Amino acid sequence: MTAYADERTELARRAPYIKGRSLWIDARRRLFRNKAAVAGMTILGTIAAIAVAVPFFWPYTYDAINYGLVNCAPDWWPDTSVMCNAGGWHIFGMDSVGRDLFVRVLYGARVSLAIGLVATLVSLLIGVSYGAIAGFVGGRLDEVMMRFVDVLYSLPYLFLVIILMVVFNRNFFLLFVAIGAVEWLTMSRIVRGQTLSIKQKEFIEAARAAGVGTGTTIRRHIVPNVLGPVVVYVTLTIPTVILAESFLSFLGLGIQEPLTSWGVLISEGAAQMESAPWMLIFPAGFMAVTLFCFNFIGDGLRDALDPKDR
Amino acid sequence: MGQPILQVRNLNVRFKTPDGEVHAVKNLDLDIGEGECLGVVGESGSGKSQLFLAIAGLLASNGRATGSVKFRGREILNLRQSQLNQLRGSKITMIFQDPLTSLTPHMTIGSQIVESLRVHQRVPYVEARRRTIEILELVRIPEAAKRMNQYPHQLSGGMRQRVMIAMATACGPDLLIADEPTTALDVTVQAQILDIMRDLKKEIKTAIVMVSHDMGVIAGMADNVQVMREGRIVEAGTVDQIFYAPRHGYTKALLDAMPRIDRPIRAGHVALAPPSTIGAEQRLLDVEDLRVHFPIKIESFPFRRTKLVRAVDGVSFSLREGETLGIVGETGCGKSTLARAVLNLLPRTCGVVVWCGRNLTGIADPAMRKLRKEFQIVFQDPLASLDPRMTVGESISEPLRSLRPELNAEEVRGEVRAIMEKVGLDPAWINRYPHEFSGGQNQRVGIARAMIVRPKLIVCDEAVSALDVSIQSQIVDLILALQSEFRMSLLFISHDLSVVRQVAHRVMVLYMGRVVELADRHTIYEDPRHPYTRELIAAVPLPDPRAERAKPRVALSGDLPSPLDSRAQLSFLKSKMIDDPDAEQYRPQLIEVAPGHFVAEHDPVRTVIGEQEPRRRAATSRG
Amino acid sequence: MVSYAIRRGLGAIPTLLIIVTLAFFMMRIAPGGPFDSQRRLPPEIEHNIKAAYNLDKPVYEQYLMYMGRLVRGDLGPSFKNKDFTVTELIADGLPVSARLGLSAMIIAIFLGITLGTVAALNQNGGIDFGVMSLAMVGITIPTFVTAPILTLILGVYGLKLFGMDITLPVGGWNGGALANMVLPVTVLALPQIAIVSRLVRGSMVEVLRSNYVRTARAKGLPNRLVVLRHALRAALLPLVSYLGPAIAGLLTGSLVVETIFGIPGIGRYFVLGALNRDYTLVMGVVICYAIFIILLNLLADLLYAALDPRVRYER
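Protein chains in written order, with this note's numbering: chain A, 1 to 310; chain B, 1001 to 1623; chain C, 2001 to 2315.
Given below as structure tokens:
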């Protein structure tokens, strides 16, 4: 009878490779086969690289004002009825106080991406540890901890951020922390849910039966297995944070001049939309493309890490 | 046989997946005659389910079927949905494996049957309701008019599958396809469902296709049998031909792999080693009055109440060195909880566990961890019991790393390679991941992990239940071989009485958290005393058509009662039952009827089986 | 269910308490107060004003007094809008904001479910791709970009439709006239339509693959019945859980929209109040929003249970 039942064993025995493919390697392969995700990563990488490098090669600085060129269009602007053309390397035109828009858009990218990353990191740190502890310890502690999250969920959170910003006079650092501190709620729920479901898996019980301690179990079994959904959620949190910052900037509560962010640039651009549309188009375009990229990467990661969903 | 009602010619089913094309059904031909009952048997991945989904036009969106399927001479393969819908649900109907997920959760069972009648027969609503009640009564659903208004989750598994059958027979089909209709059910419930289907076959003269992996189920139902393997039919014939004169090697292998409750010792398989006589009085494990109770919150007005589920309620047994104790029972009887409580993986409510003369109650954590070297566990689901992000080598070595920290990396690797060889795995696979292996191979990894610290006791918690029969028999052989080599003791937990008969020296039957009978392997199967044990054994389908035909009809109906109902434990001792679901009930005592043969107190068998009403009532109160 | 609702209602009280406390002290630790202005007031007058509003007392005493009045349903006088109590201001602004938000939500739910279902039924097809690309655009472009663009198209240039020139008012409320509602409601609804349709598509795709939908198809039910009767209800469950956060999203959106279109809703009061340190007004708006969020969350949970008979009330 072995002739039939053991066929799969035989097939595996004949397989040329011995090195196993881990789930991460599998996921990476699937991710790189996803064209939208790869495009997203490439574009995002390019934007980030230029944003970092721009002060080293661009002829203009973000705060240099040229009063002669206020509200001037870039040279190549097709609409000839504009007041003036900026000339030189002002390829995105000028803003309403006569600063080079290209360098400002990329400085905006620096700020917006930084806020996205830092705030997400804050939410990641709080959310993962909080959720993992609540989920793994369980029982009363879990109940109390999650009850607390529920309470915070019914806070009109953006209102609190607004109050915070008003109160602390638009402190740049606090902005990061405030947004991150409201975004951790969802993260902790996701991590707790994942932890709970993994905790019930038999391999956790097997670890206990094998005499593995609690700390080692969390480190060796729980954390690596929660990582997948967390990574996906992180890529989806960054755009949310960037949007939240831009809302605040729009209400005049975000970054302060002369520093800038996409939110600030867009709200300035929206005010000048009729006379100088490039002031809206470029920052809005950059922001939309970036958010698109994050969403594509997030979707790609989800499909790659959770292949049943195809 | 006359004109076949279904004629399949050259059918191919292919699935496009990201990892390439899967050819699930290959050039298949099939005929089903009027009123015939055809059994289709095959293991997982044989394409048997996809074959019939393709016929009914229900393939997943990435699947394509080619070839020809004629129903009463009319081509139906890849027919437009709207035309297919005139046949589906009226002339061709289906019953699926998992009745819980196969019924729409937010619709009452009545409305799900009514809508079928209304769409196909265009009867008025009141008439459809009346007919639905009739059909539900036909599949022996008690209080059908009341049940109509219940949701699927309020019914037990057996009741749900009856609803599925009622739905499939409502419009008087010419062909009923049952895809593993009893696989998700307990053995006693399975017997009832099969009984209902046999009655229907006689009454409505529908052609039935019975798809199953279980040769026993096929033997009891089918007139003709087709054996499928890897998308092809390897052998076809009448049921007697297939079972008594199989020609194809695969059919023979399948029949040989089936564990038989009526034949504990089989040629060509590893036999159970006798328990060691040396130190026979040396008791490895002593369990005394073990109880595990869980509080469950119940919604009631105005405040929530907690009720106790007595998962394990006063179990005592002992185990000697080299001995295997089989623990048998149906879903919810507490067998897995018992095992975990013995191993200190779950807190015990009360009771004493003595391991080699040492009381494990209140033992400190570090001392317990040291003791873990001596007992290990093998789980049911081979894939779920391995961390998907660890290589099998890491999984196997995990107990070594925490229980024998004195070993260095090289020694650990040596041990892992040695044990892998022992359990029939190529040591070269040490760096592979569980998802690259089959279920049987992963179970070997699980066994290797348990064996690597050379424990004195291994608990097998349904360790072979999730495997195909052919793999199952290999794993059983492996466990028996390892036991005769290393002489460890086993607690072998299973719902499958046939397997237990093959591997256990003694067998303990659990019902609602309590022992109802405990005896050695031969006595319990040949001379069962407790009515529940008798019922369990009678319900096991035999892969032997003549024996199945000769078998008496099942006596009991209804389902297992709710574990929240304290009356449940006294289902077989009604004379002492207090009719209040919350009352503290009488505890039946175990009586030694012969040396080593213990039976729980029960009412005379005749009264228990004659009187069925309270069990039905208990089932009604479920959910 | 009634007991569940009552228990949830009682459970909301500590939540509200925390919110009020948090908001109260956050406002107070701020440097500056409502009566700091460019020109310095004579000390006596300043003292008198502060005494009139009890601002001269220690913070904890102010807190207790505020809570005491709150229990009696009194939100106090507005510091900046003299002659008005906070209750009056909210009674003024809330109906406007509510009308705006509810209209947007109803449109978003209706359109989102339709688009999401259609996309799921054509999974991986052209329609699916189109709807999902639009949804992505809707999610990534913030309201303060769509608002000026739509204003430009519909308000400034105008639209020629059936030979009629349609030019919408670009701002103001005008007592809630339909023409004044179109732009703000559209802007508010767009991102929500996008999110709802993505959500519904995702869950619908999953439900369409479920065993019971297969059973419904095996029963030979027409496609319309399979989708509407068997699949849709389960596919809406994630949407119902999303309703709570959705309302929060709508509120932040309405802050921006009310500011852009100059609509006298409570969102505007809030922004102005926060900037002016009008303590009582800000507190009043926060409490009002919190009650709304709690109530709507409760409603969403009850709705969830109504849609899914398996749910038992927990927590």
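All residues carry an ideal CB built from backbone N, CA and C; glycine is no exception. It should be emphasised that the depicted structure is a prediction, and the values quoted were computed from it without experimental measurement.
- For ILE1377(B), a Cβ of chain A is located within less than 8 Å of the residue's own Cβ.
- ASP2092(C) and LEU164(A) have their C-alpha atoms spaced approximately 26 Å apart.
- A residue is called buried once 16 or more other Cβ atoms fall within 10 Å of its Cβ, and ARG1340(B) is buried on that count.
- Looking at the DSSP output, ARG1283(B) bridges to ARG1320(B).
- DSSP, reduced to helix, strand and coil, places SER1562(B) outside both helices and strands of the structure shown, so it counts as coil.
- Residue state for TYR60(A) is assigned as coil, using DSSP reduced to three classes.
- Contact of LYS201(A) with chain B is assigned, a C-beta pair being separated by under 8 Å.
- The Cβ of MET41(A) sits no closer than 8 Å to any Cβ of chain C.
- Using a Cβ-Cβ cut-off of 7 Å, ASN71(A) is close to nothing in chain C; its nearest Cβ partner there is about 17 Å away.
- Rounded to the nearest whole angstrom, the CA to CA distance from LEU101(A) to ILE43(A) is 20 Å.
- In the structure shown, CYS1350(B) falls within a strand segment according to DSSP collapsed to helix, strand and coil.
- With a threshold of 8 Å between beta carbons, GLU205(A) makes contact with chain B.
- Fewer than three beta-carbon pairs drawn from the segment 1022-1039 of chain B and the segment 266-286 of chain A are found closer than 8 Å, and the two stretches are therefore not classed as touching.
- Out of ASP1174(B), GLN1154(B), LEU1084(B) and GLU1143(B), the CA that lies nearest to the CA of PRO1004(B) is found in ASP1174(B).
- Taking 7 Å as the upper bound on Cβ-Cβ separation, chain C lies near residues PHE250, LEU251, ILE266, SER267, ALA270 and MET273 of the segment 249-273 of chain A.
- Contact with chain C is found for VAL1119(B), since one of that chain's Cβ atoms lies less than 8 Å from the residue's Cβ.
- In this chain, the alpha helix (DSSP H) harbouring ALA1166(B) covers 1157-1169.
- The beta carbons of VAL1227(B) and ALA1178(B) sit no closer together than 8 Å.
- Residue nearest to LYS1026(B) within the set LEU1136(B), VAL1114(B), PHE1015(B) and VAL1189(B) is PHE1015(B) (criterion: CA-CA distance).
- By the beta-carbon neighbour count (other beta carbons within 10 angstroms, threshold 16), TRP76(A) is exposed.
- Look at the segment 2230-2257 of chain C: the residues with a C-beta under 8 Å from a C-beta of chain B are HIS2230, ARG2233 and ALA2234.
- What PHE2144(C) touches in chain A, judged by beta-carbon distance under 7 Å, is PHE250, ILE266, SER267 and ALA270, going in chain order.
- The beta carbon of ASP1468(B) sits closer than 8 Å to those of GLU1043, SER1044, HIS1213, GLY1439 and GLY1440, all from its chain and outside the five residues before and after it, given in chain order.
- Boundaries of the beta strand (DSSP E) harbouring THR1017(B): 1004-1017, taken from the DSSP string.
- Listed as beta-bridge partners of PRO2077(C) by DSSP are THR2085(C).
- With three or more CB-CB distances shorter than 8 Å, the segment 2186-2203 of chain C counts as touching the segment 2236-2248 of chain C.
- Counting every other CB atom within 10 Å of its CB across the protein chains shown gives ILE1396(B) a total of 16 or more, marking it as buried.
- Here GLN1376(B) has ALA1450, PRO1455 and ILE1458 as same chain residues with Cβ atoms under 6 Å from its own Cβ, once five neighbours each way along the sequence are excluded.
- Within the DSSP bridge table, the entry for HIS1023(B) names ARG1014(B) as partners.
- Taking all protein chains in view, the Cβ of THR2117(C) is crowded by 16 or more other Cβ atoms within 10 Å, so the residue is classified as buried.
- Between the C-alpha atoms of ILE2287(C) and LEU2250(C) there is a straight-line separation of about 17 Å.
- By the Cβ rule, the segment 1076-1087 of chain B counts as touching the segment 1045-1060 of chain B, because three or more pairs are nearer than 8 Å.
- THR1238(B) is bridged by DSSP to ASN1224(B).
- Between the C-alpha atoms of VAL1499(B) and PHE1492(B) there is a straight-line separation of about 10 Å.
- At a cut-off of 8 Å between C-beta atoms, GLY2011(C) does not count as an interface residue with respect to chain B.
- Under the DSSP definition of a beta bridge, PHE1492(B) partners with GLY1326(B) and CYS1460(B).
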